[in-house]
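Below is one structure; the comments refer to it alone.
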């Protein structure tokens, strides 16, 4: 929407492949076809690990800590304002969606949040991809929930349980019992998280 208005679009270099070719996003209950982007919506600037912008006396760090929600997530930290934008790495309405079919991983989600927690402080304003503007404390609660479910799934995988058996065991609903996204894909959000986390852990 902003490209035709002259906005400068910046993205991680991994995003270019998906923007140009399009991709299918497997949400288990449904498959969402993401169409190729129009030329005006393509980023003109890409980066690999980190990029610092200096705008109007403000330093803005754009950082990539490896695959997480997707393979091209960016965390954006506004130093002087002490604000961090987490994108869809942080879904503070519940457990997040992991695009495991296109390289996203549960371990990467956890690592990205842990990296952010090393950068910010108790006064930082946290802007999630979904949910209310929050704090470092909220982000810590969120990552501990992901870690708890990931650890349960890891034990089940070590015990030789199949995806279907893990889904039936339901290792996430007590950690996060409800979400605004429940049923949007035909599954409760906690079950969708378990499915995509499992796939990312065994691939």
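In this note's numbering, the protein residues as written are 3 to 205.
We put the CB at the ideal spot given by N, CA and C, even for glycine.
For residue 56, the number of other beta carbons within 10 angstroms of its own is below 16, and it is reported as exposed. In terms of Cβ geometry, residue 93 and residue 133 form a close pair [threshold 8 Å].
Taken atom to atom, the span from the alpha-carbon of residue 168 to that of residue 151 is near 11 Å. Residue 21 counts as buried, since no fewer than 16 other beta carbons sit within 10 angstroms of its beta carbon.
Of 30, 37 and 77, the smallest CA-CA separation from residue 12 is found for 77. DSSP, read as helix, strand or coil, puts residue 30 in coil. Three or more Cβ pairs closer than 8 Å define a contact, and the stretch 156-163 falls short of that threshold against the stretch 121-135.
The alpha helix (DSSP H) runs lying completely inside the stretch 137-189 and spanning 4 residues or more are 138-160 and 165-171, given in chain order.
Here the C-alpha atom of residue 115 lies approximately 11 Å from the C-alpha atom of residue 89. Residue 53 and residue 166 have their C-alpha atoms some 42 Å from each other. Per DSSP, the continuous alpha helix (DSSP H) segment holding residue 109 begins and ends at 108-121. 8 Å or more divides the Cβ of residue 69 from the Cβ of residue 103.
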